[in-house]
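This report refers to the structure that appears directly beneath it.
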Amino acid sequence: MKRITLTQYLVEQQRKKQAVSAEVRLLIETVARACKAIGHTVGKGALGGVLGSLGTENVQGEIQKKLDVLSNEILLEANEWGGHLAAMASEEMETIHRIPNRYPKGEYLLLFDPLDGSSNIDVNVSIGTIFSVLHAPHHASGREVDEQDFLQAGAQQVAAGYAVYGPQSTLVLTVGTGVVGFTLDREMGSWILTSESITIPEQTAEFAINMSNMRHWEAPVKRYIDECLAGKEGPLGKDYNMRWIASMVSDVHRILTRGGIFMYPRDKRSSGKNGKLRLMYEANPMSFIVEQAGGAAVDGAHRILDTQPGALHQRIGVILGSKAEVERVQRYHQEAS
Ligand code: AHG
Ligand code: MN
Ligand code: MN
Ligand code: MN
């Protein structure tokens, strides 16, 4: 079997489809290299002293795990010097990180969730990295990039992807021409194309939601999950299975592999009224990937990718996956409003 590396794949996207610029290609390769390093660090576990918390709090009000901070540093260092970025933003940093003056600046913005699924680190359950690439809007004017430049709707994304550090390390990517998947060849240290065209089945019989929040849900979400639970005898006419890994990367990866619906809805709590997941570096990249794979992603009644962000760390309700199911939940929200 002919082995296609990430580099080859991207060069072909650049040559044949003009789907990526040389800068974006280098940028994605740099992120992929950083993911390799994060995966390696994750793999050391207790032997590398990388487990446990640091005791510091991030802008989200979460206690940072050592790996949250290490992964953030790996991504920053890898992407600072390449010349393709104007600035970066991350779950773990309060505000944007401009490219220091000692390096050339490029015309793209990179956003990331350096380590997704932090609560699963110490229990050796799959975790990952999520990233999103935007064009810096006023690059040509030569002024300094600011936080406002990042506040673009997800539909503007140039590329998005995620890595999962699990039994295998996998990298899933879209540059707007469908979704492809790579597996890390650990001996060679290269990402090899293993899924040429990932598509999500339209229907599903598997849902993912944190059921412990049920009492806080809004009516449309409760309605859909009640119908799933009613099984064959209910209006959906089939028995549903449930999964909840609590690493968004792994839950979304399962949906890209075999279909399903993932929900982290906004709810009635004051802390939950905007949802838990972050729009710019969790919901947007995952929604771009899911749509490119033929699925759908909404916050309730509206498409996530059309949301105009108001703040870098803004949260949003997330309902994504198999198209027919997501549209059903969307309809329940529209009917209720
Ligand atoms: P992060 O580890 O980057 O802060 O994100 C955690 C998120 C997401 O990965 C997951 O879907 C969700 O939190 C799980 O939340 P619960 O613990 O409330 O189920
Ligand atoms: Mn996350
Ligand atoms: Mn995270
Ligand atoms: Mn976190």
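Numbering of the sequence shown is given in this note's numbering, commencing with residue 1378 and proceeding in unit increments.
Ideal Cβ positions, reconstructed from N, Cα and C, are used throughout, including at glycine.
Residue i - DSSP class collapsed to helix/strand/coil
{"i": "S1627", "result": "helix"}
{"i": "G1478", "result": "According to the sequence shown, residue 1478 is Asn rather than Gly. If DSSP states are grouped into helix, strand and coil, N1478 belongs with coil."}
{"i": "A1537", "result": "strand"}
{"i": "H1512", "result": "strand"}
{"i": "D1644", "result": "strand"}
{"i": "G1420", "result": "helix"}
{"i": "S1546", "result": "strand"}
{"i": "T1472", "result": "coil"}
{"i": "T1384", "result": "helix"}
{"i": "T1506", "result": "strand"}
{"i": "V1675", "result": "strand"}
{"i": "R1680", "result": "strand"}
{"i": "L1404", "result": "helix"}
{"i": "L1697", "result": "strand"}
{"i": "G1425", "result": "helix"}
{"i": "Q1740", "result": "The structure shown does not extend to residue 1740, since the chain is modelled only from 1378 through 1714, so no value can be given for it."}
{"i": "G1483", "result": "coil"}
{"i": "D1603", "result": "helix"}
{"i": "V1667", "result": "helix"}
{"i": "E1712", "result": "helix"}
{"i": "K1650", "result": "coil"}
{"i": "Q1390", "result": "helix"}
{"i": "R1705", "result": "helix"}
{"i": "R1520", "result": "coil"}
{"i": "A1414", "result": "helix"}
{"i": "P1612", "result": "coil"}
Contact belief for residue i with residue j at Cβ below 8 Å, rounded distance in angstroms
{"i": "L1452", "j": "P1481", "result": "No, L1452 and P1481 are not in contact; Cβ-Cβ is about 19 Å, not under 8 Å."}
{"i": "S1509", "j": "N1661", "result": "6 Å"}
{"i": "G1483", "j": "L1462", "result": "5 Å"}
{"i": "V1401", "j": "Y1485", "result": "7 Å"}
{"i": "I1622", "j": "V1541", "result": "Between V1541 and I1622 the Cβ distance is about 10 Å, and since that is not below 8 Å, they are no contact."}
{"i": "I1415", "j": "S1448", "result": "5 Å"}
{"i": "Q1669", "j": "T1551", "result": "4 Å"}
{"i": "L1444", "j": "V1419", "result": "6 Å"}
{"i": "A1674", "j": "L1682", "result": "7 Å"}
{"i": "V1737", "j": "A1464", "result": "The requested residue 1737 is not part of the displayed model; the chain covers only 1378 to 1714."}
{"i": "A1396", "j": "T1554", "result": "5 Å"}
{"i": "A1585", "j": "M1640", "result": "7 Å"}
Cross-strand partners of residue i (DSSP beta bridge)
{"i": "N1618", "result": "E1583"}
{"i": "S1467", "result": "F1489"}
{"i": "R1692", "result": "R1655"}
{"i": "V1500", "result": "BP columns for V1500 are empty, so no partner."}
{"i": "N1551", "result": "Sequence check: residue 1551 is Thr here, not Asn. Per DSSP, A1537, V1556."}
{"i": "I1638", "result": "F1584, G1698"}
Chain D contact for residue i (CB, 9 Å cutoff)
{"i": "L1697", "result": "The chain labelled as chain D is not found in the depicted structure, where only one protein chain is given."}
My parser needs the alpha helix (DSSP H) runs of 4 or more residues fully inside the stretch 1556-1596; what are they? none
Report yes or no: do three or more beta-carbon pairs, one from the stretch 1573-1585 and one from the stretch 1629-1646, lie closer than 8 Å? yes
Would you list, in sequence order, the uninterrupted beta strand (DSSP E) runs of no fewer than 3 residues that lie entirely inside the stretch 1429-1462? 1430-1434, 1440-1442
Say whether the stretch 1424-1431 touches the stretch 1453-1466, bearing in mind that this needs 3 or more beta-carbon pairs closer than 8 Å, one atom from each stretch. no
When the Cβ atoms of the stretch 1532-1548 are set against those of the stretch 1556-1568, are three or more pairs found closer than 8 Å? yes
Determine, using beta-carbon pairs with one atom in the stretch 1648-1658 and one in the stretch 1693-1703, whether at least three such pairs fall under 8 Å. yes
With three or more beta-carbon pairs closer than 8 Å as the criterion, would you say the stretch 1526-1538 touches the stretch 1597-1613? no
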